[in-house]
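Counting from 1, one number per residue, gives the positions in the sequence shown under the UniProt record's numbering. Even glycine gets a Cβ: it sits at the ideal position worked out from N, Cα and C.
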Amino acid sequence: MSSLVERHENLGWCSFNDEPMHCYKLSHLQITFYGALTEPSYLIAPRHIPHKASLYERSYYYDWNNNYPYKLYDGYPLDHHMEMPDVSWSHFVPDGAHVSIVGGARVNISPSWININHLSDISDLRDPEQLALFRLRAAADGAKVYNDKEGALYPKCRDDLVVHHLKNRLWYEEIAGHISVSPNYRFTTALTEEHILTVTFHPTGHWEQGTLPSPELREKVFRSFWAFMDGLSIIEDPALQTVEPGVHGYNSCIDGEAVEDSGWLGEVSDDSAW
Numbered sequence: 001m002s003s004l005v006e007r008h009e010n011l012g013w014c015s016f017n018d019e020p021m022h023c024y025k026l027s028h029l030q031i032t033f034y035g036a037l038t039e040p041s042y043l044i045a046p047r048h049i050p051h052k053a054s055l056y057e058r059s060y061y062y063d064w065n066n067n068y069p070y071k072l073y074d075g076y077p078l079d080h081h082m083e084m085p086d087v088s089w090s091h092f093v094p095d096g097a098h099v100s101i102v103g104g105a106r107v108n109i110s111p112s113w114i115n116i117n118h119l120s121d122i123s124d125l126r127d128p129e130q131l132a133l134f135r136l137r138a139a140a141d142g143a144k145v146y147n148d149k150e151g152a153l154y155p156k157c158r159d160d161l162v163v164h165h166l167k168n169r170l171w172y173e174e175i176a177g178h179i180s181v182s183p184n185y186r187f188t189t190a191l192t193e194e195h196i197l198t199v200t201f202h203p204t205g206h207w208e209q210g211t212l213p214s215p216e217l218r219e220k221v222f223r224s225f226w227a228f229m230d231g232l233s234i235i236e237d238p239a240l241q242t243v244e245p246g247v248h249g250y251n252s253c254i255d256g257e258a259v260e261d262s263g264w265l266g267e268v269s270d271d272s273a274w
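This is the structure in structure tokens:
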């Protein structure tokens, strides 16, 4: 389908405003986003957290059942994550008298509790430099799982982390995965001094496997992701947390009536690529 993608300036997708809104209350924070949830593709479905949970209660975090493959610190992983449902959508373009799907996209949203007590030079992940240092170390550790180290995709230096600002919040973007498969794009922001939120974008089918997209193709595929991020909010002020935790509203995207097919740019800060 890559030729169809290249022939069209814009890709279509169903508007996120026509999808359900998901609201999570995590301790003092409220996280909301829009989208259609993805059914898990693996046999054992993850245990998703409820819509109201505590960032400081370990029982809400992923249970490895004593099978954690890395070093534990006081009995816990260095990066202990919660499981939230994935959001997915398709990209489509006109193809003669029909509409053809030319690729898919999936987003994983994951809050994590970082064991900063065992990181000698990291004490507060809200500090941009400390968050960057943590991400570089974590990415390098994650790349060690690949037998073919040469093909591992991860940030190797500070300049490989792309800085974005969205809704007065700093995010770091990094590439992840392996060149032999479609790369992932990971976005990380700090929630507290020891908690982060990671949003990972998984586009598939838009370019040849084993290659990386051109800047033009990447920008085209990313437009829907920026639209998704435009609908994601992290709300700290209790007075602004007006939505009850849970799932709210649904309108289907029918016959392309709610199709996004224009260049979405969003609000761009001076040092971001949004």
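Please report how far the alpha carbon of Gly75 lies from the alpha carbon of Ile235, in whole angstroms. Position 75 of the sequence shown, counted from the start, is the residue given in the question as residue 75. Position 235 of the sequence shown, counted from the start, is the residue given in the question as residue 235. Each residue's alpha carbon lies about 31 angstroms from the other.
What are the boundary residues of the beta strand (DSSP E) that includes Lys144? Taking the first residue of the sequence shown as position 1, residue 144 is located at position 144. Per DSSP, Lys144 belongs to no beta strand (DSSP E) and is neither H nor E.
Put Glu174 into one of helix, strand or coil per three-state DSSP. Translated into positions along the sequence shown, residue 174 becomes position 174. Of the three classes helix, strand and coil, the one that applies to Glu174 here is strand, per DSSP.
Within this structure, are the beta carbons of Ile34 and Pro50 separated by less than 9 angstroms? Within the sequence shown, residue 34 is the residue found at index 34, counting from 1. Within the sequence shown, residue 50 is the residue found at index 50, counting from 1. Here residue 34 is Tyr; the residue named in the question, Ile, does not match the sequence. Between Tyr34 and Pro50, the gap from beta carbon to beta carbon reaches 9 angstroms or more.
On the DSSP bridge assignment, give the partners of Ala97 in chain order. Translated into the one-based positions of the sequence shown, residue 97 becomes position 97. Ala97 pairs with nothing; no bridge assigned.
Quick one: which unbroken beta strand (DSSP E) runs of 3-plus residues sit fully inside the region 2–33? Chain order, please. Fully enclosed beta strand (DSSP E) runs of 3 or longer: 21–26.
For the structure I just gave you, are there three or more beta carbon pairs, one from the region 25–34 and one from the region 221–234, closer than 8 angstroms? Yes, they touch.
Is the beta carbon of Ser110 closer than 9 angstroms to that of Ile116? Stepping through the sequence shown from its first residue, residue 116 is reached at position 116. Stepping through the sequence shown from its first residue, residue 110 is reached at position 110. The answer is no: Cβ separation not under 9 angstroms.
In three-state DSSP terms, what is Tyr70? Here residue 70 refers to the residue found at position 70 of the sequence shown. Tyr70 falls in the coil class under three-state DSSP.
Nearest-angstrom Cα distance between Leu4 and Ser90? For the purposes of this step, residue 4 is taken as the residue at position 4 of the sequence shown. For the purposes of this step, residue 90 is taken as the residue at position 90 of the sequence shown. In a straight line, the C-alpha of Leu4 is about 14 angstroms away from that of Ser90.
Just curious, the alpha helix (DSSP H) that Val162 is in, first and last residue? Counted from its first residue, the sequence shown places residue 162 at position 162. That residue, Val162, is in no alpha helix (DSSP H); its beta strand (DSSP E) goes Val162 to Leu166.
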